[in-house]
Amino acid sequence: MLVALIAAWACEGPASQDAMRERIDAGIQAFADLDLDAVSAAAVAVEADVHCLAGPIRRGLVADLHRLRALDAYTRRDLALTEASFASARWLDPGHSLPASVVAPGSPISRHVDAWTPDRSIPTVLDPPRSGQIFVDGRPDATVDRSRPVVFQWVDAGGRARTSVIVDPGAPLPEYPHRRKARRVLLPLALGTATVAAGAWGGAHLAVREYDAAVTAKDPDRMQATWGTARGLTLAAAGTGTVALGLGVASLF
Numbered sequence: 000m001l002v003a004l005i006a007a008w009a010c011e012g013p014a015s016q017d018a019m020r021e022r023i024d025a026g027i028q029a030f031a032d033l034d035l036d037a038v039s040a041a042a043v044a045v046e047a048d049v050h051c052l053a054g055p056i057r058r059g060l061v062a063d064l065h066r067l068r069a070l071d072a073y074t075r076r077d078l079a080l081t082e083a084s085f086a087s088a089r090w091l092d093p094g095h096s097l098p099a100s101v102v103a104p105g106s107p108i109s110r111h112v113d114a115w116t117p118d119r120s121i122p123t124v125l126d127p128p129r130s131g132q133i134f135v136d137g138r139p140d141a142t143v144d145r146s147r148p149v150v151f152q153w154v155d156a157g158g159r160a161r162t163s164v165i166v167d168p169g170a171p172l173p174e175y176p177h178r179r180k181a182r183r184v185l186l187p188l189a190l191g192t193a194t195v196a197a198g199a200w201g202g203a204h205l206a207v208r209e210y211d212a213a214v215t216a217k218d219p220d221r222m223q224a225t226w227g228t229a230r231g232l233t234l235a236a237a238g239t240g241t242v243a244l245g246l247g248v249a250s251l252f
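Per numbering that gives the first Met the number 0, residue 0 is the first one in the sequence shown, and the count goes up by one each step.
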């Protein structure tokens with residue numbers, strides 16, 4: 000299975016969503032015909048198609064994709080994925096049901112179709128991408144329900160899918176360039192620069208006190224030396240403080 004997926008995911012070009020529709024329909028019909036190998040082959044091919052999509056998957060397609068994967072999971076006796084995939088399809092397309100020729104009333108698989116409902120009370124909040132949008136099951140979204148399978152896509156500002164993959168419950172979300180990564184770098188830099196600025200400001204304060212003492216003592220040489228030190232440290236504190244502020248603000252966005 001893994002070898003087949005790796006071979007299939009070597010995209011020769013963008014996947015056709017019309018061709019995906021044909022594969023999904025053929026895979027669902029194969030389940031009705033008890034051709035389990037064809038069901039598995041269709042599920043593998045469609046998952047490879049998702050990886051090679053040029054843009055967001057059509058909303059009308061993704062619910063049936065989850066239904067096909069539910070049927071395929073059932074043939075492999077993965078009942079947890081069967082129920083979760085059916086739940087995804089039902090969430091996206093609540094008014095649709097598979098025909099009796101595929102899932103007959105009272106059949107063993109029928110008890111799994113409505114067996115489980117996703118709990119969206121605590122969705123995972125996604126980090127905003129640096130550019131473009133995140134699409135979950137064909138829709139722009141800032142959250143993702145990790146309790147059910149989803150089609151996860153990062154689509155750039157030009158509408159091109161740069162990341163496109165099916166993510167099952169418990170599987171890690173794919174990496175994409177997001178703002179939190181930038182914050183992880185910028186915030187420590189801001190703190191470090193602020194520390195340097197604080198040190199320079201403290202040194203400048205001490206130098207000013209030394210300058211005041213030199214003025215009181217009427218010591219021109221000491222006055223000149225401490226004034227130069229105080230001026231240099233003050234400028235350094237102002238400069239590094241400005242940089243720290245800029246880095247701190249940048250780390251928030």
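All C-beta atoms in this analysis are idealised placements derived from N, C-alpha and C, irrespective of residue type, glycine included. Since the model is a prediction, treat every value here as computed from it, not as a measurement.
Short of 7 Å in beta carbon distance, which residues of its chain neighbour residue i, apart from the five on each side in sequence? Order them along the chain.
| i | result |
| --- | --- |
| Val-253 | Nothing about residue 253 can be reported from this structure: the residues present for the chain run from 0 to 252 only. |
| Leu-35 | Thr-74 |
| Ala-114 | Glu-82 |
| Val-164 | Val-49, His-50, Phe-151 and Pro-173 |
| Thr-116 | Ala-86 |
Taking the DSSP output, what are the residues bridged to residue i?
| i | result |
| --- | --- |
| His-177 | Pro-128 |
| Pro-139 | Phe-134 |
| Ala-160 | Val-154 |
| Thr-123 | Val-143 |
| Thr-165 | As written in the sequence, residue 165 is Ile, which differs from the Thr given in the question. Ile-165 pairs with Val-150. |
In terms of alpha-carbon separation, which member of the options lies closest to residue i?
| i | options | result |
| --- | --- | --- |
| Ala-141 | Val-112, Asp-126, Val-154 and Pro-148 | Asp-126 |
| Arg-145 | Ala-44, Ser-87, Gln-16 and Ala-18 | Ser-87 |
| Asp-32 | Ala-18, Ala-53 and Ala-103 | Ala-103 |
| His-111 | Phe-134, Asp-136, Arg-76 and Pro-122 | Arg-76 |
| Val-166 | Arg-57, Phe-134 and Asp-113 | Phe-134 |
| Thr-123 | Ala-114, Thr-116 and Val-143 | Val-143 |
| Ile-121 | Leu-97, Arg-147, Arg-138 and Leu-91 | Arg-147 |
| Leu-91 | Ser-106, Val-149, Arg-159 and Ala-40 | Val-149 |
| Arg-20 | Ala-41, Ser-163 and Ala-9 | Ala-41 |
| Pro-55 | Pro-171, Gly-105, Thr-116 and Ala-14 | Ala-14 |
For residue i, which residues in the same chain have their Cβ closer than 8 Å to its Cβ, ignoring the five residues on either side in sequence?
| i | result |
| --- | --- |
| Asp-155 | Ser-130, Gly-131 and Arg-161 |
| Pro-128 | Trp-153, Tyr-175, Pro-176, His-177 and Arg-178 |
| Ser-84 | His-65, Arg-66, Arg-68, Ala-69, Ala-72, Arg-147 and Pro-148 |
Between the alpha carbons of residue i and residue j, how many angstroms are there, rounded?
| i | j | result |
| --- | --- | --- |
| Gly-169 | Ala-99 | 32 Å |
| Ala-53 | Val-43 | 18 Å |
| Pro-173 | Asp-17 | 26 Å |
| Ser-309 | Asp-24 | The structure shown does not extend to residue 309, since the chain is modelled only from 0 to 252, so the question has no answer here. |
| Arg-57 | Gly-158 | 13 Å |
| Asp-118 | Ala-9 | 35 Å |
| Gly-137 | Pro-107 | 31 Å |
| Gly-105 | Pro-171 | 36 Å |
| Leu-60 | Glu-11 | 22 Å |
Excluding five sequence neighbours on each side, which residues of the same chain lie with their C-beta closer than 6 Å to the C-beta of residue i?
| i | result |
| --- | --- |
| Arg-22 | Ala-41, Ala-44 and Val-45 |
| Ser-109 | Val-102 |
| Pro-139 | Gln-132 |
| Asp-63 | Ile-23 |
| Gly-94 | none |
| Arg-89 | none |
Using 8 Å as the limit for Cβ to Cβ distance, is residue i near chain B?
| i | result |
| --- | --- |
| Pro-13 | The structure shown contains no chain B; it holds only a single protein chain. |
Worksheet item: Is there contact here, the segment 40-56 with the segment 75-85, by at least three beta-carbon pairs under 8 Å?
Response: Segments in contact, no.
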